[in-house]
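Using numbering that gives the first Met the number 0, the first residue of the sequence shown is number 0, and each one after it goes up by one.
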Amino acid sequence: MIRKIYASFNRLSIFGKILFAFIAIIVVPAIFSLIISFSITEKLIVSQTYKDAL
């Protein structure tokens, strides 16, 4: 499996490698960060709603 990924990565052009690296280094962590922040914000809003209800 890893050999297939490595072989397909080697077949990419220089532009493809740069684009792949950009996506792997910047885009994926940004998406994870966004998901985590939405989750935390939702928990805080629900917590505040319960406090207001009491």
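Each residue gets a CB set at the ideal place from its N, CA and C atoms; glycine is no exception.
Bear in mind the structure is a predicted one, so any value in this text is a computation, not a measurement.
Item	Value
K3 to A29, Cα distance in whole Å?	27 Å
Assuming F19 and L11 are in contact, meaning their beta carbons sit under 8 Å apart, how far apart are those beta carbons, in whole angstroms?	7 Å
For the alpha helix (DSSP H) containing S36, list its first residue and its last residue.	27-52
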